[in-house]
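**Q** One structure coming up, written as structure tokens, with questions to follow.
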Amino acid sequence: MTATADATSPASAGRADGYSSPLPTPRPHLGHALASEWTKLTSVRSTVWTLGSLVALVVGIGVLAVLQTDSGDYKSIPFVAPALFGMMVGHLAVIVLGVLTITSEYGTGLIRTTFTASPDRLRVLTAKYLVFGTVAFGVTLGSVGFVGIAAALLHSGPDAGHHGGGEWLGALGGCLYVTLLGVLALAVGALVRHSAGAIAVMLGLVTMPPVLGMILTTWPVSRGLGLAVVRYNAPVGLIQLFGVPNSGMDGSPNPSDLAQLGLLVLVTALAVTASYAVVRRRDV
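Residues in the sequence shown are numbered consecutively from 63, following the working numbering.
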């Protein structure tokens, strides 16, 4: 009788019907998801190790190359060219971080907590792309810019020839190219949901085309396809965007910088679209 009376008393009914939280309850939006993803990305050791290795490779090897060159070496190459040496390996760190940005949550089960706190999965995925892309582009651009400025300060002069703003624009395109590789890796990670598997897929996409293209050029029937594969791949794209001369296997000119960048934009857009479709419908 006492329990029934307490449950149906006016005081308990008032607490059930008229309760309002003293804490603010704003409507969830993209800004909340961005803040959450920023906290995740900046609070894990994988970010420090991967981006730290990128900076160490690009700046370390790049500055060493700058110190080993003289002004005359820059008559045919831009000041940012030394950054390419470290970037040829450093871009793999961006790829690994892109994969881990999402697969680490699947591996630990934290993705369930994330989707419970923010049921709008597309908003969460969008926040991941935006936060990762911004951080990766900023770190890459800062590293390349440091090497380019160092080369310009040490070797600018009459012996170095003329250097315009076009080479810096190419370096900007190269940094965007590396960032797109990382975004593509994040999309592959969302599709595969496994760190080792997604990294293996991305390493195959980046490293296999030059080898496969060389193999295909050995047979007359597949030589045209092989030459196309050799011209359109990540290493060649980076070489072109950073302004290093490259005449191609058969001596013919390679595709334009815009063509190289446009192909990667297309592939990345397709992968990102697929990741949205899969994450929205698939159970965790």
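Ideal placement from N, C-alpha and C gives every residue a C-beta, glycine not left out.
Exposed or buried, G266, counting other C-beta atoms within 10 Å across all chains shown (16 or more means buried)?
**A** What you label residue 266 is simply residue 204 of the sequence shown in a count that begins at 1. G266 should be labelled exposed.
**Q** Output the distance between the C-alpha atoms of Y41 and P220, rounded to the nearest integer angstrom.
**A** In this structure the chain extends from 63 to 346, so residue 41 is not present and cannot be described.
**Q** Thinking C-alpha only, which one of E229, V291 and A252 is nearest A333?
**A** Within the sequence shown, numbered from 1, the residue matching residue 333 stands at position 271. Relative to the Cα of A333, the nearest Cα in the group E229, V291 and A252 belongs to A252.
**Q** Tell me which same chain residues have a C-beta within less than 8 Å of the C-beta of K137, skipping the five on either side of it?
**A** Taking the sequence shown and counting its residues from 1, one reaches residue 137 at position 75. Taken in chain order, the residues that qualify are D221, A222 and G223.
**Q** What three-state label does DSSP hand Q130 in the structure shown?
**A** Looking up residue 130 in the sequence shown gives position 68. Coil.
**Q** Could you round the C-beta distance between G288 and G275 to whole angstroms and report it? I think they count as a contact, below 8 Å.
**A** Sequence index remark: in the sequence shown, residue 288 carries index 226 (1-based). Sequence index remark: in the sequence shown, residue 275 carries index 213 (1-based). Right, the Cβ-Cβ distance comes to about 5 Å (below 8 Å), so this counts as a contact.
**Q** Are the CB atoms of G114 and F147 nearer to each other than 9 Å?
**A** Here residue 114 corresponds to residue number 52 of the sequence shown, with the count starting at 1. Here residue 147 corresponds to residue number 85 of the sequence shown, with the count starting at 1. Contact flag unset, no.
**Q** With a 10 Å radius around its C-beta and 16 neighbouring C-beta atoms as the bar for buried, classify S105 as buried or exposed.
**A** Here residue 105 corresponds to residue number 43 of the sequence shown, with the count starting at 1. Burial call: exposed.
**Q** Mind checking S318: buried by the 16 CB within 10 Å criterion, or exposed?
**A** By 1-based counting over the sequence shown, the position of residue 318 is 256. So S318 ends up on the exposed side.
**Q** Report buried or exposed for S74, applying the criterion of at least 16 other Cβ atoms within 10 angstroms of its Cβ.
**A** In the sequence shown, residue 74 corresponds to position 12, counting from 1. The predicted model places S74 with a pLDDT of 46, which falls under 50 and marks its position as unreliable; any figure quoted below should be read in that light. Result: exposed.
**Q** Between the C-alpha atoms of V292 and P271, what's the straight-line distance to the nearest angstrom?
**A** Against the sequence shown, residue 292 aligns to sequence position 230. Against the sequence shown, residue 271 aligns to sequence position 209. In a straight line, the C-alpha of V292 is about 7 Å away from that of P271.
**Q** Three-state secondary structure (DSSP) at R255?
**A** By 1-based counting over the sequence shown, the position of residue 255 is 193. Three-state result, R255: coil.
**Q** Do S257 and S166 have their CB atoms nearer than 9 Å?
**A** Your numbering for residue 257 matches position 195 in the sequence shown. Your numbering for residue 166 matches position 104 in the sequence shown. Contact: yes.
**Q** Whose C-beta lies closer than 7 Å to the C-beta of F208 among residues of the same chain, with five residues either side of it excluded?
**A** The sequence position of residue 208 within the sequence shown is 146, counting from 1. Closer than 7 Å at Cβ, skipping near neighbours: V121.
**Q** By alpha-carbon positions, which one of L231, A260 and T335 ends up nearest to V142?
**A** The residue given as residue 142 occupies position 80 in the sequence shown. Ranking L231, A260 and T335 by Cα distance to V142 puts L231 first.
**Q** Please classify Q322 as buried or exposed, where buried requires at least 16 other C-beta atoms within 10 Å of its C-beta.
**A** Taking the sequence shown and counting its residues from 1, the one referred to as residue 322 is at position 260. Buried: at least 16 other Cβ atoms inside 10 Å.
**Q** On the premise that F194 lies in contact with L248, defined as a C-beta separation below 8 Å, what is that separation, rounded to the nearest angstrom?
**A** As a working mapping, residue 248 is identified with position 186 in the sequence shown. As a working mapping, residue 194 is identified with position 132 in the sequence shown. Rounded to the nearest angstrom, the Cβ distance from L248 to F194 is 6 Å, consistent with a contact under 8 Å.
**Q** Look up T335 in the DSSP assignment and say whether it is helix, strand or coil.
**A** Locating residue 335 in the sequence shown gives position 273, where the first residue counts as 1. Reduced to three states, the DSSP call for T335 is helix.
**Q** Quick check on this structure: which residue in V341, A296, R342 and A214 has the alpha carbon closest to the alpha carbon of G324?
**A** Sequence index remark: in the sequence shown, residue 324 carries index 262 (1-based). Closest by alpha carbon: A296.
**Q** Secondary structure at T280, three-state DSSP: helix, strand or coil?
**A** Here residue 280 corresponds to residue number 218 of the sequence shown, with the count starting at 1. Of the three classes helix, strand and coil, the one that applies to T280 here is coil, per DSSP.
**Q** Would you report the Cα separation of G305 and M150, rounded to the nearest angstrom?
**A** The sequence position of residue 305 within the sequence shown is 243, counting from 1. The sequence position of residue 150 within the sequence shown is 88, counting from 1. Using only the alpha carbons, I get a separation of about 14 Å.
**Q** So, is V254 buried or exposed, given that buried needs 16 or more other C-beta atoms within 10 angstroms?
**A** Taking the first residue of the sequence shown as 1, we reach residue 254 at position 192. Looking at its Cβ environment, which holds 16 or more other Cβ atoms inside 10 Å, V254 is buried.
**Q** Sorted by chain position, which residues of the same chain lie with C-beta nearer than 7 Å to L187's C-beta, five sequence neighbours on each side aside?
**A** The residue given as residue 187 occupies position 125 in the sequence shown. Counting only Cβ-Cβ distances below 7 Å, and skipping sequence neighbours, we find A252, S337, Y338 and V341.
**Q** Please go through the same chain and pick out, in chain order, the residues whose beta-carbon is closer than 7 Å to the beta-carbon of G302, but skip the five residues on each side of it.
**A** Sequence index remark: in the sequence shown, residue 302 carries index 240 (1-based). For the sequence presented, residue 302 should be read as Gln rather than Gly. For Q302, where only same-chain residues beyond five positions count, the Cβ hits under 7 Å are N308, N316, D319 and Q322.
**Q** Near R185, which residues of its chain fall below 7 Å by C-beta distance, leaving aside the five closest residues on each side in sequence?
**A** Residue numbering aside, residue 185 sits at position 123 when the sequence shown is read from its first letter. Closer than 7 Å at Cβ, skipping near neighbours: L92 and A95.
**Q** Using only the alpha-carbon positions, how far apart do L238 and G160 sit?
**A** Mapped onto the sequence shown, residue 238 falls at position 176. Mapped onto the sequence shown, residue 160 falls at position 98. Roughly 14 Å between the two C-alpha positions.
**Q** Which class does G266 belong to by DSSP, given the choice of helix, strand or coil?
**A** Taking the sequence shown and counting its residues from 1, the one referred to as residue 266 is at position 204. In the structure shown, G266 sits in a helix (DSSP, three-state: H, G or I).
**Q** Considering only their Cβ atoms, is the gap separating L129 from L216 smaller than 9 Å?
**A** Position 154 of the sequence shown holds residue 216. Position 67 of the sequence shown holds residue 129. Yes. Within cutoff.
**Q** What is the DSSP secondary structure of R344, counted as helix, strand or coil?
**A** Translated into the one-based positions of the sequence shown, residue 344 becomes position 282. Three-state DSSP puts R344 in coil, outside helix and strand.
**Q** When the Cα atoms are used, what is the spatial distance from L244 to V156?
**A** In the sequence shown, counting from the first residue as 1, residue 244 sits at position 182. In the sequence shown, counting from the first residue as 1, residue 156 sits at position 94. In the sequence on display, residue 244 carries Gly and not Leu. Their backbone Cα atoms lie some 5 Å apart in a straight line.
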